[in-house]
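Heads up, the thing below is written out as structure tokens.
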Amino acid sequence: MFTSCEETINWIHSLLPHGVKPGTRRVELMLEYLGHPERRLRTIHVGGTNGKGSTVSFIRHMLQEGGYDVGTFTSPYLIQFNERVSVNGSPISDEDLADAANRMKPAFDKVANSEFGSPTEFETITVLAMVYFAEMAYPDFVLFEVGLGGRLDSTNVISPLVSVITNVGYDHMEILGHTIEEIASEKAGIIKAGVPLVTAIDKPEALGIVRAACRQKKSKIYELGNQYSFELKGTERGGETFSYRSMFMKRDNLFIQMKGDHQVKNAATALMAIDYMKQYYSLVLDEDKIREGLLKTSWPGRFEQVHENPTVILDGAHNPEGVESLKETIVRHFPQTDIKLIFAGLKNKNVELMLQSLREITDHITLTSFSFQKAAEAKKLAERAGFSMETVEENWKKAVENEMNKSGKNDVIIVTGSLYFISEVRRHLIDY
Numbered sequence: 012m013f014t015s016c017e018e019t020i021n022w023i024h025s026l027l028p029h030g031v032k033p034g035t036r037r038v039e040l041m042l043e044y045l046g047h048p049e050r051r052l053r054t055i056h057v058g059g060t061n062g063k064g065s066t067v068s069f070i071r072h073m074l075q076e077g078g079y080d081v082g083t084f085t086s087p088y089l090i091q092f093n094e095r096v097s098v099n100g101s102p103i104s105d106e107d108l109a110d111a112a113n114r115m116k117p118a119f120d121k122v123a124n125s126e127f128g129s130p131t132e133f134e135t136i137t138v139l140a141m142v143y144f145a146e147m148a149y150p151d152f153v154l155f156e157v158g159l160g161g162r163l164d165s166t167n168v169i170s171p172l173v174s175v176i177t178n179v180g181y182d183h184m185e186i187l188g189h190t191i192e193e194i195a196s197e198k199a200g201i202i203k204a205g206v207p208l209v210t211a212i213d214k215p216e217a218l219g220i221v222r223a224a225c226r227q228k229k230s231k232i233y234e235l236g237n238q239y240s241f242e243l244k245g246t247e248r249g250g251e252t253f254s255y256r257s258m259f260m261k262r263d264n265l266f267i268q269m270k271g272d273h274q275v276k277n278a279a280t281a282l283m284a285i286d287y288m289k290q291y292y293s294l295v296l297d298e299d300k301i302r303e304g305l306l307k308t309s310w311p312g313r314f315e316q317v318h319e320n321p322t323v324i325l326d327g328a329h330n331p332e333g334v335e336s337l338k339e340t341i342v343r344h345f346p347q348t349d350i351k352l353i354f355a356g357l358k359n360k361n362v363e364l365m366l367q368s369l370r371e372i373t374d375h376i377t378l379t380s381f382s383f384q385k386a387a388e389a390k391k392l393a394e395r396a397g398f399s400m401e402t403v404e405e406n407w408k409k410a411v412e413n414e415m416n417k418s419g420k421n422d423v424i425i426v427t428g429s430l431y432f433i434s435e436v437r438r439h440l441i442d443y
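Spelled out as structure tokens, the structure:
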């Protein structure tokens, strides 16, 4: 019996040594023992290599502005563990976290003592979230962000109203495959029979895989550039202006505070999902609420400014595609500006390609590290970079503070790399 949030979280983290066990059987068994709480939820499933969190946030804010209560299941967390399970942006309370864990623990024990072995940390959190939403919070909709891949992900036990695949790129290749086709096949695993798919995939080889999966499942597909589109109208320091077109709706003069062409793409993808639900599920959502929801959307750690004089921006660009989006946003919003970069990444990431790409926009890169078992040492990053590095500082706090102390009020510092790294820096700088 868990009596506190701390005790609950410690138990969940103790499951980490069980690692990643691809497959949904353990989750399915736990949910069966619990009476299938997931079947009482109206869900939207969001997968993809990048942009999942932002797309979830756009959908959530639009629905919330329309008066709906919206649950979200996301990962990783940036500030506190509880935020992974939230309603209307408010993390699950400490008391409710312990309560939900106590409700699902008997099912966990049954599976742990079976031939399938102990559920993993992520599997446990997934089921805990479903219990919380179905038995305690009762939101109108729940947005589930895929944790890893799709086909074998713990979240892939739901029957959503609509599925979303933002894009397909090279990430987690040791698990998902080493070709775009292999990775796309894993992402396409979230497509359910008869459930429509909204996607912004732009790689032809990946799109071909997803189209084939939709044909097999008799699922309608809504593709960016075909069934819906956007046009970027202007870039401002405060965000982006764009127009949107779909087979159901035309909208002009939309504005988002999330910066970058990729965020406009995420917003358009979220709009297509909303339009589908309005058309086929009688979702009541006024146009002014849609615009207000887009305007209010933010997502911590995604080109987020956390300090002025000098300007410090955090961006969790943790794979090559994310770095390309970051570069494009920097060039558009800070032209002719001397950019200083601080980077920390994980050992298993393609840091060579990421650093070589970042070098194209600045010669001023500081490599650092942070306390995480998968984090690469700064000196190891320097060896893998393929070019001489100006600064290597293992202590990330010293790296950040040194850069800030020697920067002028008009300078721009970009802190990027692993989301786990961004989480630590964000907590530090918010109280700086």
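443 is the number that this note's numbering gives the last residue of the sequence shown; the numbers go up by one with no jumps.
We treat Cβ as the ideally placed atom computed from N, Cα and C, and that holds for glycine.
Lys229 sits exposed, since fewer than 16 C-beta atoms from the chains shown fall within 10 Å of its C-beta. Here Thr166 carries a coil assignment [DSSP, helix/strand/coil]. Non-local beta-carbon contacts of Lys408 in its own chain, meaning distances under 8 Å to residues more than five positions away in sequence, involve His439 in chain order. Checking the DSSP bridge columns, you'll see Ser240 partnered with Arg256. Per the DSSP secondary-structure output, Val175 pairs in a beta bridge with Val57 and Val209. Within the region 38–84, the runs of beta strand (DSSP E) at least 3 residues long that lie entirely inside it are, in chain order, 54–58 and 81–84.
Note that the region 362–380 touches the region 393–407; at least 3 beta-carbon pairs, one per stretch, sit closer than 8 Å. For the pair Thr190 and Tyr181, the Cα-to-Cα distance works out to about 8 Å. The C-alpha of Arg95 is placed about 15 Å away from the C-alpha of Glu106. Residues Ala109 of the same chain have their beta carbon placed closer than 8 Å to that of Glu18, with the five preceding and five following residues left out of the count.
Around the CB of His273, 16 or more other CB atoms lie within 10 Å, so the residue is classed as buried.
Sequence-distant Cβ neighbours of Gly200 in its own chain, meaning closer than 6 Å and more than five residues away, are Gly161 and Arg162. Runs of the beta strand (DSSP E) lying entirely within the region 256–296, each at least 3 residues long, are 261–267 in chain order.
Here the alpha carbon of Ser240 sits roughly 26 Å from the alpha carbon of Thr85. By the neighbour-count definition (other C-beta atoms within 10 Å, threshold 16), Gly78 is an exposed residue. Runs of the beta strand (DSSP E) lying entirely within the region 338–399 and spanning at least 3 residues, in chain order: 350–355 and 376–380.
By the criterion of a C-beta distance shorter than 7 Å, Val362 is surrounded in its chain by Gly356, Ala387, Leu392 and Arg395, once the five residues flanking it on both sides are discounted.
Between Glu435 and Phe381, the CB-CB gap stays under 8 Å. Contact between Leu235 and Ala278 fails: their C-beta atoms lie close to 11 Å from each other, not under 8 Å. C-alpha of Ala145 to C-alpha of Gln238: approximately 33 Å in a straight line. Judged by their CB atoms, Asn61 and Asn178 are nearer to each other than the 8 Å cut-off. For Val317, the enclosing beta strand (DSSP E) starts and ends at Glu315 to His318. The beta carbon of Ile136 sits closer than 7 Å to the beta carbons of Ile23 and Arg95 from its chain, once the five residues preceding and following it are set aside; these are given in chain order. A distance below 6 Å between beta-carbons, with the five flanking residues on each side excluded, links Glu76 to the following residues of its chain, in chain order: Lys300, Glu303 and Gly304.
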